[in-house]
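*Asks:*
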Amino acid sequence: GENVEQHPSTLSVQEGDSAVIKCTYSDSASNYFPWYKQELGKGPQLIIDIRSNVGEKKDQRIAVTLNKTAKHFSLHITETQPEDSAVYFCAASRGGSYIPTFGRGTSLIVHP
Amino acid sequence: SAVISQKPSRDICQRGTSLTIQCQVDSQVTMMFWYRQQPGQSLTLIATANQGSEATYESGFVIDKFPISRPNLTFSTLTVSNMSPEDSSIYLCSVDKSPSGGRETQYFGPGTRLLVL
Numbered sequence: 867g868e869n870v871e872q873h874p875s876t877l878s879v880q881e882g883d884s885a886v887i888k889c890t891y892s893d894s895a896s897n898y899f900p901w902y903k904q905e906l907g908k909g910p911q912l913i914i915d916i917r918s919n920v921g922e923k924k925d926q927r928i929a930v931t932l933n934k935t936a937k938h939f940s941l942h943i944t945e946t947q948p949e950d951s952a953v954y955f956c957a958a959s960r961g962g963s964y965i966p967t968f969g970r971g972t973s974l975i976v977h978p
Numbered sequence: 003s004a005v006i007s008q009k010p011s012r013d014i015c016q017r018g019t020s021l022t023i024q025c026q027v028d029s030q031v032t033m034m035f036w037y038r039q040q041p042g043q044s045l046t047l048i049a050t051a052n053q054g055s056e057a058t059y060e061s062g063f064v065i066d067k068f069p070i071s072r073p074n075l076t077f078s079t080l081t082v083s084n085m086s087p088e089d090s091s092i093y094l095c096s097v098d099k100s101p102s103g104g105r106e107t108q109y110f111g112p113g114t115r116l117l118v119l
């Protein structure tokens with residue numbers, strides 16, 4: 867089955883800095899990679915996703931890149947703000963009827 | 003997407019007792035999913051619940067410990083039976099509402115935070 871590794875487990879940045887979270891996956895058939903943000907006391911919320919037919923996708927301050935050859939993908943957050951503080955999960959799926967496999971999460975702390 | 007609510011939001015229980023968690027969705031869905039999130043761990047799928055049939059459990063999870071009901075297309079319950087402190091976790095309900103009809107995009111409820119003493 868799929869195995870998703872996520873790093874780092876904790877990331878601390880100053881407000882305004884950029885943050886990068888990296889994930890690797892093992893199943894070369896995976897073609898869908900969502901990212902979730904989980905704020906304290908809430909459930910994970912989908913923030914951005916990417917499919918294997920594109921290498922990069924951007925939505926305002928967040929972007930995701932995908933390297934299919936190396937089987938890794940990353941989440942980039944620019945101009946971080948205190949409200950970006952949360953746990954971020956990456957996931958990988960073959961798509962269709964395949965339920966995603968999640969990474970262990972990254973706790974992002976943005977210091978004002 | 004979908005609006006999902008869960009009850010209770012949190013609970014503290016004594017070992018040996020059982021707790022039933024409810025999940026309500028604002029629209030009809032074919033599949034509902036139950037996950038466990040242990041501290042510092044990933045989201046682990048417990049089972050998939052399809053209306054009108056028995057739930058399908060993932061490796062390591064059994065029906066006697068985690069019985070699931072799915073009486074209609076907008077509601078499901080998960081019971082954590084004969085609880086021990088190791089069951090302390092966040093339990094999440096989710097649905098798949100991908101425009102393509104696939105299951106790869108999961109939408110989660112707010113979770114139920116369970117502490118077993």
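Here the protein sequences line up with chains A and B, keeping their order.
Under the numbering used here, read the first sequence as residues 867 to 978, first letter to last.
Under the numbering used here, read the second sequence as residues 3 to 119, first letter to last.
Where is the CB? At the ideal position from N, CA and C, for every residue including glycine.
Here the structure is a predicted model, which means the values were calculated and not measured.
#1: Can you list, in chain order, the residues of its chain with a C-beta nearer than 6 Å to that of A:ILE928? Leave out the 5 residues immediately preceding and following it.
#2: When the cut-off is 8 Å and only beta carbons count, does A:LYS908 lie next to chain B?
#3: Using a Cβ cut-off of 9 Å, pull out every chain C residue sitting near B:PRO87, in sequence order please.
#4: Once DSSP output is grouped into helix, strand and coil, what is the label at B:PRO69?
#5: Give a yes or no on whether 8 Å exceeds the smallest Cβ distance from A:GLY971 to chain B.
#6: DSSP on A:ASP883, reduced to helix/strand/coil?
#7: Output needed for B:VAL5: all residues of its chain with C-beta closer than 6 Å, excluding positions within five of it in sequence on either side, in chain order.
#8: Can you tell which of B:LEU45, B:PHE77, B:GLY113, B:ASN84 has the C-alpha that lies nearest to the C-alpha of B:VAL31?
#9: What do you get for B:ARG38, buried or exposed, if any count of 16 or more other CB atoms within 10 angstroms of its CB means buried?
#10: Helix, strand or coil for A:ASP915 per DSSP?
#11: Spell out whether any CB of chain A is found under 8 Å from the CB atom of B:SER7.
#12: I think A:VAL886 touches A:CYS956, with their Cβ atoms under 8 Å apart; what is that distance to the nearest whole Å?
#13: Ordered along the chain, which non-local residues of its own chain (more than five positions away) have a Cβ less than 6 Å from that of A:THR931?
#14: DSSP three-state call for A:PRO900: helix, strand or coil?
#15: Within 8 Å of any Cβ in chain A, is that where the Cβ of B:GLN16 sits?
#16: If distances are taken between C-alpha atoms only, which option among B:GLN16, B:ARG17, B:CYS15, B:PRO10 comes closest to B:ILE23?
#17: Does any C-beta atom of chain A lie closer than 8 Å to the C-beta of B:PRO41?
#18: Can you list the residues of chain A that B:TYR93 reaches, using a CB-CB cut of under 9 Å?
#19: Take A:THR967 as the anchor and find which of A:TYR902, A:SER875, A:ALA936 has the nearest alpha-carbon.
#20: Could you please give the first and the last residue of the uninterrupted beta strand (DSSP E) stretch that includes A:VAL976?
#21: Would you say B:LEU2 reaches chain A, if we count a Cβ-Cβ gap shorter than 8 Å as a contact?
#22: Could you have a look at B:ASP28 and say whether DSSP puts it in helix, strand or coil?
#23: So the candidates are B:LEU117, B:SER61, B:MET34, B:SER44; which of them puts its Cα closest to the Cα of B:GLY54?
*Replies:* Walking through what the data contain:
#1: Locating residue 928 of chain A in the first sequence gives position 62, where the first residue counts as 1. Taken in chain order, the residues that qualify are ILE914, ILE943.
#2: Within the first sequence, the letter at position 42 stands for residue 908 of chain A. True, the Cβ-Cβ gap to chain B drops below 8 Å.
#3: As a matter of chain content, chain C is missing from the structure shown, whose protein chains are A and B.
#4: Position 67 of the second sequence, counting from 1, holds the residue named residue 69 of chain B. Coil.
#5: Numbered from 1 along the first sequence, position 105 holds the residue referred to as residue 971 of chain A. Yes, because at least one Cβ of chain B sits closer than 8 Å to the Cβ of A:GLY971.
#6: For the purposes of this step, residue 883 of chain A is taken as the residue at position 17 of the first sequence. It is coil, neither helix nor strand.
#7: The residue given as residue 5 of chain B occupies position 3 in the second sequence. These residues qualify, in order along the chain: ASP28.
#8: In the second sequence, the residue the question calls residue 31 of chain B occupies position 29. Answer by Cα proximity: B:PHE77.
#9: Along the second sequence, read from residue 1 onward, the residue named residue 38 of chain B stands at position 36. Flag for B:ARG38 reads buried.
#10: Taking the first residue of the first sequence as position 1, residue 915 of chain A is located at position 49. Here DSSP, grouped into helix, strand and coil, assigns A:ASP915 to strand.
#11: Here residue 7 of chain B refers to the residue found at position 5 when the second sequence is read from its first residue. No, B:SER7 lies away from the interface with chain A (no Cβ there is under 8 Å from its Cβ).
#12: The residue labelled residue 886 of chain A in the question sits at position 20 within the first sequence. The residue labelled residue 956 of chain A in the question sits at position 90 within the first sequence. Actually they do not touch by this definition, with Cβ atoms about 12 Å apart.
#13: On the first sequence, residue 931 of chain A is found 65 positions in, with the first residue counted as 1. If we look at A:THR931 and ignore the five residues flanking it on each side, its Cβ neighbours are GLU922, SER940.
#14: Start at 1 with the first residue of the first sequence, and residue 900 of chain A comes out as number 34. Correct three-state label for A:PRO900: strand.
#15: Residue numbering aside, residue 16 of chain B sits at position 14 when the second sequence is read from its first letter. B:GLN16 does not count as touching chain A.
#16: Within the second sequence, residue 23 of chain B is the residue found at index 21, counting from 1. Out of B:GLN16, B:ARG17, B:CYS15, B:PRO10, B:PRO10 has the C-alpha closest to the C-alpha of B:ILE23.
#17: Within the second sequence, numbered from 1, the residue matching residue 41 of chain B stands at position 39. Closer than 8 Å to the CB of B:PRO41 there is not a single CB belonging to chain A.
#18: Here residue 93 of chain B is taken as the residue at index 91 of the second sequence, counted from 1. Below the 9 Å Cβ cutoff, chain A contributes no neighbours of B:TYR93, its closest Cβ being approximately 10 Å away.
#19: Here residue 967 of chain A corresponds to residue number 101 of the first sequence, with the count starting at 1. The residue with the shortest Cα to Cα distance from A:THR967 is A:TYR902.
#20: Within the first sequence, the letter at position 110 stands for residue 976 of chain A. It spans 972-977 - the beta strand (DSSP E) in which A:VAL976 sits, taken as one unbroken run.
#21: This structure cannot settle anything about residue 2 of chain B, because the visible part of chain B is limited to 3 through 119.
#22: Position 26 of the second sequence holds residue 28 of chain B. Reduced to three states, the DSSP call for B:ASP28 is coil.
#23: For the purposes of this step, residue 54 of chain B is taken as the residue at position 52 of the second sequence. Cα-wise, what sits closest to B:GLY54 is B:MET34.
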